[in-house]
Amino acid sequence: PNHMLFFGNPGTGKTTVAKMVGKIYRSMGLLSKGDVIETNRAGLVGRYIGDTEANTASVINSARGNVLFIDASKEFTPGKNQNTLEDKHIKKIVDDRRDFGMRVIETLLPVMSEADPDMVVIFAGYEKELMRMMDANEGLLDRFAHKFHFDDYSAEELVEIGERQLKEKAMRLTPEAKAALTRIADDKVRHKDKNFSNARWIKNFIETGIQSEMAKRVMKIEQPTKDDLCLITEEDVIKANERRVNLRANSRQQRPVGF
Numbered sequence: 090p091n092h093m094l095f096f097g098n099p100g101t102g103k104t105t106v107a108k109m110v111g112k113i114y115r116s117m118g119l120l121s122k123g124d125v126i127e128t129n130r131a132g133l134v135g136r137y138i139g140d141t142e143a144n145t146a147s148v149i150n151s152a153r154g155n156v157l158f159i160d161a162s163k164e165f166t167p168g169k170n171q172n173t174l175e176d177k178h179i180k181k182i183v184d185d186r187r188d189f190g191m192r193v194i195e196t197l198l199p200v201m202s203e204a205d206p207d208m209v210v211i212f213a214g215y216e217k218e219l220m221r222m223m224d225a226n227e228g229l230l231d232r233f234a235h236k237f238h239f240d241d242y243s244a245e246e247l248v249e250i251g252e253r254q255l256k257e258k259a260m261r262l263t264p265e266a267k268a269a270l271t272r273i274a275d276d277k278v279r280h281k282d283k284n285f286s287n288a289r290w291i292k293n294f295i296e297t298g299i300q301s302e303m304a305k306r307v308m309k310i311e312q313p314t315k316d317d318l319c320l321i322t323e324e325d326v327i328k329a330n331e332r333r334v335n336l337r338a339n340s341r342q343q344r345p346v347g348f
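Its first residue numbered 90, the sequence shown is counted upward by one per residue in my numbering.
And the structure:
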């Protein structure tokens, strides 16, 4: 079996690598198709008895020949010996046997035990939550032959991702704009929390922030040149960041308390 565990925070490339795994395993003859079928708890766990097994079986059938990529960032099971309120991810205490998430594991296990299932199952998410799920069923961890850790990106790597994104649109940063973006990315990395989305953050910041500010600036130019339409300036980056900071500050001020 070539099933895998991908440990890592959001936006660290887990889905991208899963797609590469599908192509590689297909070329090696280990998979007949090599596509990626993505799902999560909501796509597998049903509301009523019997729904979960039916949902999981349906997903398994569609994943034959492919990579079954299961986003487990939201826990499937409460895990063993975790019935304490100090764990922020457990909203209420649920008995393992009654939790429908366990039905997903129980339905998957026979397939994952097949000698040649024509399928690679990848569970991806935070390491703490994934290992707690492995704990919930004896023998589950042994089904995963490969375990990979996806580190968060550094500020320099985030800026490089942003530059590649802009290059695809025939746009580029001025040296001053790159320096400003590096400072912002460095500050973001230094003060990141668990929800920091790595590559997703830089892509959204460029698309919804920097490019919007650039468009506003260019619209004020009577006869813009090709350079005007391609260059991201320091002003664009700084204004985009100021708008982002102001939006966050306003959302905190408007949040109702004691409702």
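Yeah, the Cβ is synthetic: ideal placement off N, Cα and C, and Gly gets one too.
Going by DSSP, ALA268 is part of the alpha helix (DSSP H) stretching over 264 to 279. Secondary structure remark: continuous beta strand (DSSP E) runs of at least 3 residues inside the segment 307 to 347: none found. By the C-beta density criterion, GLY139 is exposed, having fewer than 16 other C-beta atoms within 10 angstroms.
Under the DSSP definition of a beta bridge, GLU127 partners with PHE158. In this structure, DSSP gives LEU94 an extended state, which the three-state scheme calls strand. For ALA213, the uninterrupted beta strand (DSSP E) run begins and ends at 209 to 214, by DSSP. Looking at GLY214, VAL248, GLY132 and VAL326, the one whose alpha-carbon comes closest to that of GLY102 is GLY214. Each residue's CA atom was taken as its position, placing GLY190 and GLU227 some 15 Å apart.
Residue TYR114 holds the alpha-carbon nearest to the alpha-carbon of VAL209 among GLU324, TYR114, THR105 and ILE321.
With contacts defined by Cβ atoms closer than 9 Å, ALA244 and THR271 form a contacting pair.
Each of SER301, HIS92 and ARG221 was checked against the Cα of PHE158, and the nearest Cα belongs to HIS92. In this structure, ILE310 keeps its C-beta atom at 9 Å or more from the C-beta atom of VAL248. A straight-line Cα-Cα distance of about 25 Å links ARG279 and THR105. Straight across, the Cα-Cα distance linking ASN339 with ASN330 is about 14 Å. Rounded to whole angstroms, the separation of the alpha carbons of TYR242 and LYS305 is 30 Å.
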